[in-house]
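Counting from 1, one number per residue, gives the positions in the sequence shown under this note's numbering.
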Amino acid sequence: MVRKTDFVTRRLLLFVTIASVASLIYGWEVGMLNIIFSMRASFGKVFGLYEFNPRAKTFLESHDKEFREMIITPTFTIGGIAGSILVYFLMDRLGRIRCLRLGSIIYFIGGLIQVLCNGITVLCIGRFISGIASGISLCVCPVFIAEIAPKEIRGTLGIVNSLGLQGGMFLSSFCNTLCLKLITKNMNAQWRVAVGCQMIPATLFLLFVWFLPETPRLLLMKNKEEQALKNLAYIRQKPITDVSVANEFNEMSSKLRLELSEGIVSWKEMLTTKSIFYRIVIVSILQLLHMFVGVNAIGYYSTQIYSKYLGISLAKYGAWLATLMNVISFICTFPAMRYIENFGRKPILKWGALGLGLCMVAIYALCHLCDATHKMVFGWLCVIVMYLFGIIYSWSWSSVVFVYQSEIFPLRMRAKANTIGGIFQYIGSVIVSSTTTTLMKYLSFYTFWIYAGFCFIAFIFAHFCIRETRGIPLEDMDKLYGDNSVENKAEFKKGINDCFETN
């Protein structure tokens with residue numbers, strides 16, 4: 001019996017790990033603000049979120065705190081939209097690796113500007129530039145991993161991208177919490193060191209991205225067959241004369257040659273071809289729901305939820321609770337690497353959405369009970385449910401969405417499709433990150449009902465609209481979505497069933 005580990009080589013794992021550092025930096029940016037927003041005497045004072053009150057002898061919220069947060073938070077994701085649009089013109093033209101290299105340089109510049117800034121305008125410019133890099137890298141990284149991975153473990157390796165995201169959020173919150181707790185005398189150093197910690201993964205990415213090889217599929221699209229074969233053998237750590245390498249290359253080459261004979265998909269063809277347009281709509285809605293389930297609302301504002309609704313001391317527990325949540329989410333991403341090839345993409349998305357929805361309802365109920373009774377037991381129960389939300393998200397939607405998006409499109413339209421998916425992800429992120437603080441101000445904990453509703457919509461959407469892609473070669477996705485003949489449908493069902501049985 002063939003095991004998954006038989007398809008993993010040290011070189012393949014190294015390349016996937018290096019590429020996933022891009023998502024680690026994205027996770028770092030997402031997790032960074034949660035703790036930094038609670039640095040009242042340093043970051044909060046410099047950027048006008050908090051003002052010192054002599055009577056209370058403490059820092060209190062400024063009158064325009066929500067407005068300033070609404071400006072700072074989404075500038076990164078707005079940059080991500082710009083980067084996602086830019087990468088459409090670059091992904092096929094420059095190749096996957098050159099795009100990742102470009103992203104690493106822009107990441108470094110954006111991070112440096114944030115560390116050296118002295119005002120909200122320059123901070124937002126730095127976050128916008130980092131967002132551009134994120135838009136480029138997050139579109140390319142899942143495609144790069146999907147194109148170098150054997151089909152038998154494509155989903156497992158794709159989750160390394162999600163692992164990087166969760167790892168970035170954990171490392172960011174941990175480093176920022178240490179800065180908050182240990183740097184207590186030099187307030188200028190406190191927030192600059194906290195922001196500057198992101199330069200560690202940015203520097204590592206800038207150094208190691210140059211060791212990545214171009215994907216064989218991209219080289220075949222450029223008619224560089226000899227180099228494509230060499231790169232495939234190099235990634236698989238086998239000689240080019242190896243039978244398995246030759247078989248994989250010949251299958252890949254013949255199918256891609258047939259696919260590319262039709263030419264790169266035009267915008268007109270994309271909008272008028274039913275099977276292609278259907279997939280574009282599916283991915284766009286999937287990425288919007290990916291954000292609308294409320295993960296960024298928890299990620300950005302969990303410390304504020306603890307203090308405002310649950311009566312938990314922000315100074316004593318807030319930062320550590322946020323860090324612990326990210327630790328748990330990071331650890332719980334690992335099981336998804338094993339089970340995504342056993343359970344498939346669709347069941348994980350569907351039942352994950354249901355679990356997230358139930359968590360959001362429970363968070364509302366416990367916040368309401370805590371507010372009505374002032375009993376801390378409900379507050380701590382709510383913290384546990386928020387942790388459960390993070391576990392379910394990391395195991396399901398965080399892990400599967402990018403894997404699914406990178407799989408279902410043919411090579412001749414992969415750049416366009418991932419650009420569109422990336423744009424909708426960032427649009428969803430902008431909407432959530434820029435409105436949550438205002439919703440929480442006027443709706444209080446009733447805000448969680450909105451996210452619960454989107455979770456249940458995601459459950460219905462996954463049930464009726466997602467088709468299982470597990471075990472299907474990338475070159476055969478058009479058959480899954482495009483060919484409606486009974487013979488081909490039966491053949492695919494048999495292939496998928498066989499794949500489940502062998503694992």
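Quick reminder that beta carbons are idealized off the backbone N, C-alpha and C, glycines included.
This one's a predicted model, so the numbers in the text were calculated from it and none came from an experiment.
| Asked | Found |
| --- | --- |
| Cβ contact check for the segment 4–20 and the segment 269–283: 3 or more pairs under 8 Å | no |
| N- and C-terminal bounds of the beta strand (DSSP E) containing E51 | Y50 to N53 |
| Spatial distance of L207 from Y107 (CA atoms) | 12 Å |
| Residue from V122, M413 and S38 whose Cα sits closest to the Cα of E269 | M413 |
| Cβ-Cβ distance between I120 and F47 below 8 Å | yes |
| Cβ neighbours of A322 in the same chain (closer than 7 Å, five flanking residues each side left out) | N34, I35, S173, S302 and T303 |
| Host alpha helix (DSSP H) of F59 (start-end) | Premise fails: F59 lies in the beta strand (DSSP E), T58 to E61, not in any alpha helix (DSSP H). |
| Helix, strand or coil at N231 according to DSSP, with G and I counted as helix | helix |
| N-terminal and C-terminal residue of the alpha helix (DSSP H) that C117 is part of | From DSSP, C117 is part of no alpha helix (DSSP H); its letter is neither H nor E. |
| Limits of the alpha helix (DSSP H) - the one that L157 falls within | R154 to L182 |
| Selection from S20, Y26 and K479 that minimises the alpha carbon distance to E259 | K479 |
| 4 or more residues per run - each alpha helix (DSSP H) lying fully within the segment 388–463 | 397–407 and 414–443 |
| Boundaries (first-last residue) of the alpha helix (DSSP H) holding M39 | Element bounds for M39: n/a, residue is neither H nor E. |
| Through-space distance from A22 to K57, alpha-carbon basis | 42 Å |
| Three-way DSSP call (helix, strand, coil) for S261 in this model | coil |
| Contacting residues, own chain, Cβ-Cβ under 7 Å from I109 (five flanking each side not counted) | I129 |
| V8 (DSSP reduced to helix, strand or coil) | coil |
| Supposed contact pair N161 and P142 - C-beta distance, whole angstroms, cut 8 Å | 5 Å |
| Close-in-space but distant-in-sequence residues of the same chain around K350 (CB under 8 Å, 5 per side omitted) | F459, A462, H463 and I466 |
| Separation of V377 from T419, as counted between CA atoms | 46 Å |
| Collapsed DSSP secondary structure at L218 in the structure displayed | helix |
| C-beta contact flag for S42 and N188 at 8 Å | yes |
| For Y88, the first and last residue of its enclosing alpha helix (DSSP H) | K65 to L94 |
| Enclosing alpha helix (DSSP H) for V293 [first to last residue] | Neither: V293 is in no alpha helix (DSSP H) and is coded neither H nor E. |
| Pick from S399, I97 and L182 that is closest to R154, judged by C-alpha positions | S399 |
| Same chain only: Cβ atoms within 8 Å of N488, ignoring 5 sequence neighbours per side | Only weak support is given to the placement of N488: the predicted model assigns it a pLDDT of 49, under 50, and the value that follows is read from those uncertain coordinates. Only K479 meet the Cβ criterion. |
| Separation of L366 from L94, as counted between CA atoms | 51 Å |
| Residue range of the unbroken alpha helix (DSSP H) whose run includes P201 | M199 to F208 |
| Start-to-end residues for the alpha helix (DSSP H) that takes in D371 | R345 to T373 |
| Beta carbon of G566 nearer than 8 Å to that of V265 | Nothing can be reported for residue 566, as the shown portion of the chain is limited to 1 through 503. |
| I384 burial status per 10 Å Cβ neighbour count (16 or more: buried) | exposed |
| F330 - containing alpha helix (DSSP H), residue span | A319 to I331 |
| Top-ranked residue by Cα proximity to E66, from S253, T438, T215 and R470 | T438 |
| Where Q304 sits in the DSSP three-state scheme | helix |
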